[in-house]
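Here the structure comes first, spelled out in structure tokens, and everything after it is commentary.
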Amino acid sequence: MVNLAYFIPLFPLASFVFLIFYGKRLGPKSAKVAIGASLAALVTSLPFVIGTLRGAVFQSQFEWLRLGGAPLRFGILIDPLSAMMLFVVTVVGTLIIIYSVGYMHEDPGFSRFFAYLSLFMFSMLTLVLADNLVLLYISWELVGLCSYFLIGFWFEKDSAAQASKKAFITTRIGDVGFFLGILLLYFTTGSVRLVDLNPEFLGTFAGQSQILTLAALLIFCGAIGKSAQFPLHVWLPDAMEGPTPVSALIHAATMVAAGVYLVARSFGMLVTFPDALPVVASIGTFTAFLAAFIALTQTDIKRVLAYSTISQLGFMIAALGLKGYSAGTFHLMTHAFFKALLFLGAGSVIHGTGTQDLREMGGLWKKMPHTTWTFVIASLAIAGVPPFSGFWSKDEILVAAFNAGNPIFYYTLTVTATMTAFYMFRLVFLTFFGKPRKELHVHESPAVMTTPLWLLALGSAVMGLPGSPWMHHAFQTFIEPHAHGVEHTANPLVMQISVACGGGGILLAGLIYLLFPALAPFFGRILKPLYLASSRKFWFDELYQATVIRAWYGLGGLLNRFDQSVIDGAVNGTGLNTLRLSDLKNWVDIHIVDGLVNGVGAVIRGFSSVLRRLQTGLVQNYMFVLFAGVLLILFFELNQ
């Protein structure tokens, strides 16, 4: 049975290859190929997901090649963590692909889009199933390549082309660290197998704890890039230039989730060498707060959700850094559903109104009821309102922060949770309620788009139940054996504060943006420095432009001058000297070599001309020469 797991990523790969060659001929039917492949991957994965629920772990390996006599083996590993991700990627990914049929139906690159989606699914499924860090890294890079293709799908737009390059280059910075971490881990322990990233195996290398702590932090660098954590968070908001289904796929089920998955996979390494944990927790907490603060003032519906994604990923990273393994992975699962729903809902709004600007919306609930109420469900989930899924997973994170022993983490994440509720319902009230602020030709999206919305809304409502007391914390029981003994129990006080903060954020948003809209500009004036910092995204893009990018341009100019002056000078000098040497060789060839050859020829020619005169054709001349020759011979003979 385990060999069937190899087909899970192969279905989307086959779809990609087929659509690349025949997609244009198929036209709109190319979507059916991508949907069929994704559904096949989903159906094939279900027995393995069910098997892990029953306590099974599936493993298989094959030898790919030999390096210096040592075999390099690739294979699959399906344990509770990878089974959870397998379920999330196939379910959410399939719904996003179905939704894309309606969203992209008039796009000239329709078949190419679905080919890229299939390649993205293949890459992510391979990443989830990989049983070692080498295969994981290869698929990790493929995910990054696919994001480049999809973010820049409308490459005719300069902003989309720039955004795709920004995402690709920024994430590569983290990937360099990830690659170095893999090398350091291998040269220290001799293994890159995921099953060896546990305290039992790594504990035997306690004498090299500093090296392995560094390896853990380098691997974490990969997660910083992929999951858009500070300071590499700047690429994700610009990734909104891609089609909205791409935003949903990247920000919910695939690319950004890969970073959190990597940290969860290396959790045993972090626990074994805990000096890295405060770094992970601090970066996650700071990123969560920073991104939530920026989201408070954004006016582009997709950018609000982009910063929301960065913030929620910060929550997950913080949880893992605070040893909240089940909390971080649980929020990874619930977030995939409600964030995919939020992005697809935003796409439905854009599809129905033709604008992304919140200031031009309002009162859409009457004409877009399906989009409105599914969006509200997702917003309640992310705001942490019970009994929606986000409440249970976010509460677990706050409990982990409360139990961490450092109140800064708990207070910061609690304030961030309040801001989350506020900015999400600011978005809801500005978009769907109140009075229309601009005359828009609004229409509800077709059923092919709204059906996935309702299915994701169902997931956003119920996916938190496995982690609730009502189901005896079944998710924690399922995932905890792979958390290496780290557990967190429910805390009623933290739960009550969490609910109060979420409710308070929603009420405050309602007061400012629904009941008393004049308060918004009033607060903007009295809190102008904070408003400017938030709306301008703390000037990170400008800061990087003035420092990092300018420095790289300066270095590039310096290297260019070095290349032209030194390297090109050396090359050109070599060429000039070669020309001069060739001229000398040419002179020698003409005057000496050719001169010698021509001289020999001239001598032979002169001698031949003398001999030619003897050939007169007269017998008497020949007899004279013969007689003279005989006399000459006799003369020499007689004188000896």
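Residue numbers (the numbering used here): 34 to 673.
By construction, the Cβ of each residue, glycine as well, lies at the ideal position given by its N, Cα and C atoms.
Computed from a predicted structure; not experimentally measured.
Per-residue DSSP class, three states only, for residue i
{"i": "G223", "result": "coil"}
{"i": "E174", "result": "helix"}
{"i": "D140", "result": "coil"}
{"i": "N165", "result": "strand"}
{"i": "L473", "result": "coil"}
{"i": "Y655", "result": "helix"}
{"i": "A523", "result": "coil"}
{"i": "F466", "result": "coil"}
{"i": "G518", "result": "The predicted position of G518 is uncertain, since its pLDDT is 45 and thus under 50; no value can be drawn from it."}
{"i": "M496", "result": "coil"}
{"i": "L560", "result": "coil"}
{"i": "V366", "result": "Correcting the residue type first, residue 366 is Met in the shown sequence and not Val. It is helical."}
{"i": "N605", "result": "helix"}
{"i": "M34", "result": "coil"}
{"i": "K190", "result": "coil"}
{"i": "G214", "result": "helix"}
{"i": "M117", "result": "helix"}
{"i": "M482", "result": "helix"}
{"i": "F549", "result": "coil"}
{"i": "P440", "result": "helix"}
{"i": "S567", "result": "helix"}
{"i": "G395", "result": "coil"}
{"i": "G56", "result": "helix"}
{"i": "S242", "result": "helix"}
{"i": "H624", "result": "helix"}
{"i": "G648", "result": "Inspection of the sequence shows that residue 648 is occupied by Gln rather than by Gly. In the structure shown, Q648 sits in coil (DSSP, three-state: anything other than H, G, I, E or B)."}
{"i": "V209", "result": "helix"}
{"i": "H506", "result": "coil"}
{"i": "A579", "result": "helix"}
{"i": "N672", "result": "coil"}
{"i": "T287", "result": "coil"}
{"i": "Q597", "result": "helix"}
{"i": "P419", "result": "coil"}
{"i": "P42", "result": "helix"}
{"i": "V267", "result": "coil"}
{"i": "L230", "result": "coil"}
{"i": "Q195", "result": "helix"}
{"i": "Q529", "result": "helix"}
{"i": "S641", "result": "helix"}
Option in the options with minimal Cα separation from residue i
{"i": "I111", "options": "R298, G387 and F306", "result": "R298"}
{"i": "V658", "options": "L644, L391 and E670", "result": "L644"}
{"i": "T222", "options": "N231, G210 and L235", "result": "L235"}
{"i": "Q241", "options": "L612, Y340 and L218", "result": "L218"}
{"i": "F421", "options": "H364, F466, T451 and S598", "result": "H364"}
{"i": "L37", "options": "I53, G662 and T77", "result": "T77"}
{"i": "W173", "options": "V481, E233, A290 and A373", "result": "A290"}
{"i": "K57", "options": "I244, G142 and V630", "result": "G142"}
{"i": "E472", "options": "T277, R392, H266 and T203", "result": "R392"}
{"i": "W425", "options": "A507, F462, L377 and G378", "result": "A507"}
{"i": "I68", "options": "V82, L46, G84 and L86", "result": "L46"}
{"i": "H403", "options": "S478, R336, G589 and L375", "result": "S478"}
{"i": "H476", "options": "L168, G380, L269 and A256", "result": "G380"}
DSSP bridge partner residues for residue i (one or two, in chain order)
{"i": "I111", "result": "F91"}
{"i": "E96", "result": "R106"}
{"i": "D390", "result": "D333"}
Whole-Å CB distance - residue i paired with residue j, under 8 Å assumed
{"i": "L488", "j": "L128", "result": "6 Å"}
{"i": "L592", "j": "S531", "result": "So it is not a contact: roughly 53 Å between Cβ atoms."}
{"i": "G385", "j": "M401", "result": "5 Å"}
{"i": "L397", "j": "T405", "result": "6 Å"}
{"i": "A437", "j": "L346", "result": "Actually they do not touch by this definition, with Cβ atoms about 19 Å apart."}
{"i": "V66", "j": "F51", "result": "6 Å"}
{"i": "L183", "j": "G275", "result": "5 Å"}
{"i": "M118", "j": "V161", "result": "4 Å"}
{"i": "I334", "j": "L460", "result": "7 Å"}
{"i": "I343", "j": "A360", "result": "The pair is not a contact, with the Cβ atoms about 18 Å apart (cut-off 8 Å)."}
{"i": "I600", "j": "A416", "result": "That belief does not hold up - the Cβ atoms of I600 and A416 are roughly 59 Å apart, past 8 Å."}
{"i": "A434", "j": "Y443", "result": "4 Å"}
{"i": "V122", "j": "L158", "result": "6 Å"}
{"i": "A454", "j": "G535", "result": "4 Å"}
{"i": "A64", "j": "F188", "result": "About 21 Å separates the two Cβ atoms, so there is no contact after all."}
{"i": "F371", "j": "A411", "result": "4 Å"}
{"i": "A31", "j": "D140", "result": "This structure leaves residue 31 out entirely; the chain is present only between 34 and 673."}
* With a floor of 3 residues, list each beta strand (DSSP E) that falls wholly inside the region 296-348, ordered by position along the chain. => Runs found: none.
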